[in-house]
Amino acid sequence: MVLMDAPQSKSRDLDKLLLRSGNLVGPGFFPGTDLRDDIREYVRVLVVGAGGLGCELLKDLALSGFRNLDVIDMDRIEVTNLNRQFLFRLEDVGKPKAEVAAKRVMERVSGVEIVPHFSRIEDKELDFYNDFNIIALGLDSIEARRYINGVACGFLEYDEDDTPRSETIKPMVDGGTEGFKGHARVIVPGVTPCFECTIWLFPPQVKFPLCTLAETPRNAAHCIEYAHLIKWHEVHGGKSFDPDEPEHMKWVYDEAIKRAELFGIPGVTYSLTQGVVKNIIPAIASTNAIISAACALETLKIVSGCSKTLANYLTYNGGEGLHTKVTEFERDKECLVCGPGILIELDTSITLQKFIDMLEEHPKLLLSKASVKHGKDSLYMQAPPVLEEMHRPNLSKPLYDLMGRVEKDTVHVFGTALKNEEKQSSLTKLRVVFKEVDGVADMDTAILRVNSKRKTPL
Amino acid sequence: MDPKSSLETLETTSWWMRGVLVNQKPSLLFTLVIATQLVEDSVVKLDRICREANVKLVFVRSYGLAGFVRVSVKEHTIIDSKPDHFLDDLRLNNPWPELKSFVETIDLNVSDAVAHKHIPYVVILVKMADEWTQSHSGNLPSTREEKKAFKDLVKSKMISMDEDNYKEAIEAAFKVFAPRGISSEIQQISNDTCAEPSSNSSDFWVMVAALKEFVSNEGDGEAPLEGSIPDMTSSTEHYINLQKIYLAKAESDFLVMEERVKNILKKIGRDPNSISKPTIKSFCKNARKLKVCRYRMVEDEFSNPSVTEIQKRLADEDYSGAMGFYILLRAVDRFTANYNKFPGQFDGGMDEDISRLKTTALSLLTDLGCNGSVLPDDLINEMCRFGASELHVVAAFLGGIASQEAIKLVTKQFVPMLGTYIFNGIDHKSQLLTL
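As you go down the protein sequences, you meet chains W and Z in turn.
My numbering numbers the first residue of the first sequence as 255 and each following residue consecutively.
My numbering numbers the first residue of the second sequence as 10 and each following residue consecutively.
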């Protein structure tokens with residue numbers, strides 16, 4: 255019987271991948287204890303979402319050699335979460351998900367530090383996100399994904415020749431599930447398509463035509479949405495409907511019943527009412543476990559280089575047999591979010607106010623109420639009132655001056671964009687280039703600059 | 010997974026299997042067994058025991074960045090298969106008398122514009138199909154030109170461009186062209202030897218026997234009507250009336266089926282009420298979606314796999330990794346039998362392990378009849394690099410899949426995987442193969 259010649263360590267299995275060299279590995283893979291220890295000491299991973307995917311992600315990452323994790327989630331625990339968000343117990347209902355999740359994983363895995371953030375992702379400074387080596391997403395909405403994607407891709411900078419600067423690349427791993435279906439994808443801004451590049455992958459949300467709801471309902475869902483979308487406003491005027499308010503939900507249910515009775519339509523139940531109003535999609539633990547594991551695996555591989563990575567989109571379907579597929583999607587070079595940025599050519603005389611007005615008219619942007627940021631400097635902020643007043647004097651100054659008189663640079667604009675007839679908050683990157691950068695006083699340098707651009711001598 | 014503890018595991022398992030399972034009828038203890046990290050010999054042994062005892066079995070193996078999941082059941086029948094997309098059962102190509110009568114009561118050429126655009130497309134298409142067959146010797150459109158002409162016929166009845174019901178009718182016209190009767194898959198199930206009822210027949214097969222009779226008699230080639238209709242632009246009144254017609258037919262088909270089931274049960278010496286009403290009802294609703302899953306025993310797969318499949322996959326540029334891992338996962342078990350450790354399990358002697366694993370793998374390929382197939386050296390090296398490690402994330406992934414299969418098998422809803430799922434954690438180009 256052969257004796258073990260390596261001491262039993264918790265890292266024994268992971269060490270085989272991190273300490274041993276291989277051929278099917280990532281570029282720049284340096285196996286060794288330094289790699290393993292660096293991952294423990296220095297690598298910081300942010301898990302966005304502490305729900306079905308987030309709980310699994312935290313566990314998976316904690317058990318894969320990561321020691322510095324943060325988790326952000328704005329929700330509190332509900333009873334319906336308990337079938338799959340396994341870190342939570344009945345007595346935790348009502349508590350913030352991020353805090354309980356962090357606590358439970360730390361109890362179970364010694365040495366791991368998890369900092370919970372009970373907040374909305376939009377309420378964090380951009381710098382917060384920049385502190386992480388990689389961001390793992392366990393989100394349940396397109397809007398939230400778009401937001402984080404915008405933030406991560408916002409850090410990306412390009413070289414003169416439009417190659418992404420590697421030190422500004424903030425990779426993300428994104429997972430999503432719906433019943434038996436799910437996906438896991440790797441996003442390396444500037445290299446793989448970002449979320450925005452492949453936004454066409456998501457089918458439009460189903461909405462009932464208004465006339466069906468108002469005039470010819472045929473099924474229980476129509477009656478419910480009539481009560482929820484039409485009758486509510488008729489009766490309650492300005493008061494907004496809150497699906498988490500039991501009284502509101504009961505009101506909608508009662509009205510839906512009345513309507514159903516009027517039209518002789520069966521099937522309205524309280525449970526269906528909740529499902530339709532909250533757009534509940536059933537979630538099961540197994541799919542979440544599968545997708546999160548795939549995401550955590552990719553996170554480990556991207557950070558360590560210990561193996562090649564998923565390129566770049568995995569789909570999973572377990573309802574009819576079992577189907578997995580890998581698709582390599584291509585970047586959209588014109589992508590507003592991860593591309594070098596929409597080129598905006600301006601005269602040096604343009605004021606900040608004029609620039610902000612232009613954004614509203616720009617066909618690719620249609621951005622209103624824009625706040626403008628140049629690197630770390632906020633040039634103008636629409637809100638809060640205190641900061642708005644502080645930045646107001648900038649509006650009458652030339653943008654060129656505010657940007658430090660550089661010929662071109664990246665600017666981030668944040669405002670309300672009109673997309674598919676819907677208003678959405680939008681964070682976009684612009685590549686501002688100033689034309690005719692020679693002012694009267696700069697004649698000499700202007701000639702030099704002009705000469706350096708010419709391909710033939712004067 | 011060092012050899013000492015794995016031997017203990019084997020010994021414990023075999024004692025347990027000898028002592029507990031074999032002596033105490035495993036089927037009384039377990040509906041389903043999930044077996045993780047067993048080596049090949051144990052897999053074969055457990056499979057025999059569970060197959061004998063009619064206990065469902067799911068195997069999972071997690072090894073470095075590779076692994077597999079395999080279901081092993083003699084037969085798993087599903088009524089509630091819940092397919093994602095399945096054509097509704099509208100019978101536009103074969104309307105029954107009550108539907109025809111109802112359609113006749115509605116005049117497409119009603120003068121009121123609102124009423125005109127609130128006639129449901131089912132009514133429109135049944136009428137148009139009837140008009141067509143009258144002028145085409147009783148045949149429905151079959152050629153491309155005919156199908157186009159039919160759609161144009163429907164379109165010609167529109168009085169304005171905003172008639173959603175007519176737009177839906179044109180989009181749904183393909184349902185008129187669809188072949189009548191039951192699908193080839195259901196046909197196959199009906200013709201299965203198990204569809205000959207005997208005292209041993211499970212409830213499922215008794216109902217299939219009844220279905221077969223129904224299709225040949227009252228059904229006139231069709232299965233019992235499913236009974237529900239999709240949402241469509243319509244006045245509330247028309248829609249509800251239409252719903253009632255479909256529900257009534259489904260109910261009457263069910264009653265016929267119920268009668269036939271009872272008669273078959275009597276014939277085979279069983280209590281005619283032993284299959285409940287709700288079960289028969291569910292069977293009728295799902296008659297077009299039935300599934301039968303049968304799995305080879307693992308030892309059959311191991312000793313006699315599909316050679317063409319293996320060779321094809323090993324030669325596939327993109328997906329050879331998964332197939333390679335499948336062979337290597339079996340090769341490492343053979344390796345252990347010879348050398349008392351897994352290749353690469355310890356840090357020393359890696360080069361030797363690599364070359365030994367290669368030899369073992371090639372001889373396995375030869376044994377399987379796949380001479381000439383090669384495994385990439387990089388993959389063999391990688392397998393040794395893994396050194397039988399169990400990574401949490403890989404185990405979690407495969408465990409998730411295995412648990413999902415277990416749920417499907419136990420609940421008899423949705424369809425379990427048919428084949429062996431081979432996981433390739435390097436590029437995720439995993440494969441589900443019937444070997």
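A virtual CB, placed ideally from N, CA and C, is assigned to each residue, including glycine.
Inter-residue spacing [alpha-carbon to alpha-carbon] between residue i and residue j
i	j	result
Z/V31	Z/E49	Residue placement at Z/V31 is flagged as unreliable, the pLDDT there being 43, under the threshold of 50; the coordinate-derived value follows with that caveat. Their Cα atoms are separated by approximately 20 Å.
Z/Q252	Z/I115	15 Å
W/L300	W/M503	35 Å
Z/G236	Z/S165	30 Å
W/M697	W/D601	Summary for W/M697: the model assigns pLDDT 41, below 50, so the residue's position carries little reliability; its value from the coordinates is reported in the next sentence. Using only the alpha carbons, I get a separation of about 17 Å.
W/Y567	W/R400	17 Å
W/P443	W/E361	35 Å
Z/I289	Z/E267	7 Å
W/S680	W/P463	27 Å
W/Q339	Z/K350	39 Å
Z/N479	Z/H437	Because chain Z is modelled from 10 through 444, residue 479 of chain Z falls outside the range shown and cannot be assessed.
W/I303	Z/G76	Per the sequence presented here, residue 303 of chain W reads as Gly, with Ile not at that position. Straight-line Cα distance between these residues: approximately 29 Å.
W/N335	W/K532	14 Å
Z/E260	Z/D121	35 Å
Z/S285	Z/S192	26 Å
W/E397	W/L554	26 Å
Z/Q143	Z/L444	52 Å
W/K689	W/I604	11 Å
Z/M519	Z/Y175	Because chain Z spans 10 through 444 in this model, residue 519 of chain Z falls outside it and cannot be assessed.
Z/I87	Z/F292	10 Å
Z/S151	Z/G428	37 Å
Those residues which DSSP pairs with residue i across a bridge
i	result
W/N533	Its beta-bridge partners do not exist; DSSP assigns none.
W/Y391	Sequence check: residue 391 of chain W is Leu here, not Tyr. Its beta-bridge partners are W/V302, W/D428.
Z/T345	None; Z/T345 has no bridge partner.
Z/S71	Z/G76
Among the options, the one whose alpha carbon lies nearest that of residue i
i	options	result
W/V405	W/E361, W/K689, W/E367, W/H666	W/H666
W/S650	W/V687, W/K608, W/M360	W/K608
W/D291	W/L653, W/A304, W/L268	W/L268
W/K313	W/C589, W/N566, W/I544	W/I544
W/N387	W/T422, W/S525, W/F495, W/G436	W/T422
Z/G381	Z/P188, Z/F311, Z/V316	Z/V316
Z/P239	Z/W105, Z/E308, Z/Y255, Z/I319	Z/Y255
W/L272	W/Q262, W/F409, W/I389, W/T287	W/T287
Z/G409	Z/P129, Z/S192, Z/F68	Z/F68
Z/A411	W/A539, W/E552, W/I610, W/H482	W/A539
Z/R305	Z/G73, Z/S51, Z/H85	Z/H85
Z/I249	W/I441, W/V506, W/F517	W/F517
W/C560	Z/A62, Z/V217, Z/G73, Z/N63	Z/G73
Z/M392	Z/D362, Z/I319, Z/K421, Z/K300	Z/D362
Z/H125	Z/D173, Z/R297, Z/A62, Z/L38	Z/D173
Z/V403	W/E552, W/W454, W/G669, W/E414	W/E552
Amino acids of chain W, ordered along the chain, whose beta-carbon sits closer than 8 Å to that of residue i
i	result
Z/D98	Neighbours of Z/D98 on chain W: none; closest Cβ ~18 Å, over 8 Å.
Z/T245	T470, P471, R472, F517, G518, I519
Z/K438	V580
Cross-chain neighbours of residue i in chain Z, by beta carbon under 9 Å
i	result
W/A474	Correct list: empty, because the minimum Cβ distance to chain Z is about 11 Å.
Listed by chain order, chain Z residues near residue i by CB distance under 7 Å
i	result
W/L278	D387, E391, I435
W/R274	R394
Residue-chain proximity (residue i, chain A), Cβ-Cβ < 9 Å
i	result
W/P463	Structure shown: chain A not included; protein chains present are W and Z.
Under 7 Å from the C-beta of residue i: neighbouring residues of chain W
i	result
Z/A405	D314, A543, A547
Z/Y255	Under the 7 Å cutoff, chain W gives no residues; its nearest Cβ is about 13 Å from Z/Y255.
Z/V402	D314, S318, A547, A550, L551, L554
Chain Z residues whose Cβ lies nearer than 8 Å to that of residue i
i	result
W/L568	H437
W/A565	D436
Item to check | Validate contact between the stretch 362-379 of chain W and the stretch 317-328 of chain W using beta carbons, cut 8 Å, 3 pairs | outcome: yes
Item to check | Three or more C-beta pairs below 8 Å linking the stretch 356-366 of chain Z and the stretch 316-333 of chain Z | outcome: no
Next on the checklist: Does the stretch 177-187 of chain Z come into contact with the stretch 81-94 of chain Z, if we say contact requires no fewer than three beta-carbon pairs (one atom in each stretch) closer than 8 Å?
Outcome noted: no
Item to check | Touching by the beta-carbon criterion (3+ pairs, under 8 Å), the stretch 102-115 of chain Z and the stretch 81-88 of chain Z | outcome: no
Item to check | the stretch 339-348 of chain W touching the stretch 424-432 of chain W, judged by at least three CB pairs closer than 8 Å | outcome: no
Checklist entry - Just checking, does the stretch 671-689 of chain W make contact with the stretch 582-591 of chain W on the three C-beta pairs under 8 Å criterion? => result Yes, they touch.
Item to check | At least three beta-carbon pairs within less than 8 Å, the stretch 623-640 of chain W to the stretch 657-665 of chain W | outcome: yes
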